[in-house]
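Residue numbers (my numbering): 6 to 101. The beta carbon of each residue, even a glycine, is placed where N, CA and C say it ideally should be. Computed from a predicted model, the values in this text were never measured in an experiment.
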């Protein structure tokens, strides 16, 4: 292959790589919510206090993490007595 053809091929590959990273949107990865997060109710289910319910189920039955966590890889919290978790959740609701 001639040098001119090889240079043209390399230029085309370079431009194809640049276009790949730029179009249709820049970047290759994005983070998306898997659940609706349209309002305060949705957010409170996803985060505090709602996430505590899933954590308490996982604490009581570690196999439950497969139901609630992506790829079943949930962090297992240290043992917290259910009464303490309920008190924390109730206090959070009062102070909202």
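Which of helix, strand or coil DSSP assigns to residue 53:
coil
Residue range of the alpha helix (DSSP H) that residue 33 falls in?
Here residue 33 belongs to no alpha helix (DSSP H), and DSSP marks it neither H nor E.
Taking the beta carbon of residue 70 as the centre, do at least 16 other beta carbons fall within 10 Å, making it buried, or is it exposed?
buried
Proximity to residue 40 [Cα-Cα], best of 65, 19, 56, 67:
56
State the start and end residues of the unbroken alpha helix (DSSP H) segment that holds residue 23.
8-27
Does the Cβ of residue 63 have 16 or more other Cβ atoms within 10 Å, making it buried, or fewer, making it exposed?
buried
How long is the line joining the alpha carbons of residue 35 and residue 29, rounded to whole angstroms?
13 Å
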